[in-house]
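Step one of this worksheet: look at the structure below.
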């Protein structure tokens, strides 16, 4: 493949396909709050190309195994369904929440070993409808 100049590279980048409005990225958060001052956890996600991408789920240790995480994930999934998302995708590492996601209907797509060293990164998905 011939080398491209910086100008040619920029021209190629500009030739990306135009996206329909429904394909535009929608970023959102779901928070689990007790009151205005106390947060129990939440999720950061985005939806685009008919996919929900769960970027981050956090829940303090003291709030786990109470159904809060499940409720937060379901709320994000319902929001994604309203944006016509058909699947949910996420990645988690071996010390994080893989069993939690599997318990909530996510299926393992792939695992990358030694990412980071001594651990693995798991990629999971779920059909939303």
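Residue numbers (the numbering used here): 12 to 140.
The beta carbon of each residue, even a glycine, is placed where N, CA and C say it ideally should be.
Just so we're clear, the structure is a prediction, and the values are computed from it rather than from any experiment.
For this session: Rank 41, 96, 48 by C-alpha distance to the C-alpha of residue 67 and give the top, closest one.
Result: 41
Exercise. By Cβ distance below 8 Å, which residues in the same chain neighbour residue 97 in space, the five residues on each side in sequence not counted?
Worked result: 61, 62, 138, 139, 140
Exercise. Going by C-alpha distance, which of 95, 107, 114 is nearest residue 127?
Worked result: 107
Problem set entry | Extent of the continuous alpha helix (DSSP H) to which residue 88 belongs | Residue 88 -> alpha helix (DSSP H) spans 79-93.
Exercise. In three-state terms, what does DSSP make of residue 97?
Worked result: coil
Exercise. Would residue 56 pass as a contact of residue 65 if the rule is Cβ separation under 8 Å?
Worked result: Against a cut-off of 8 Å, the Cβ pair of residue 65 and residue 56 comes out as a contact.
For this session: Just confirm the distance between the C-beta atoms of residue 35 and residue 59, as a whole number of angstroms; I'd bet it's less than 8 Å.
Result: 7 Å
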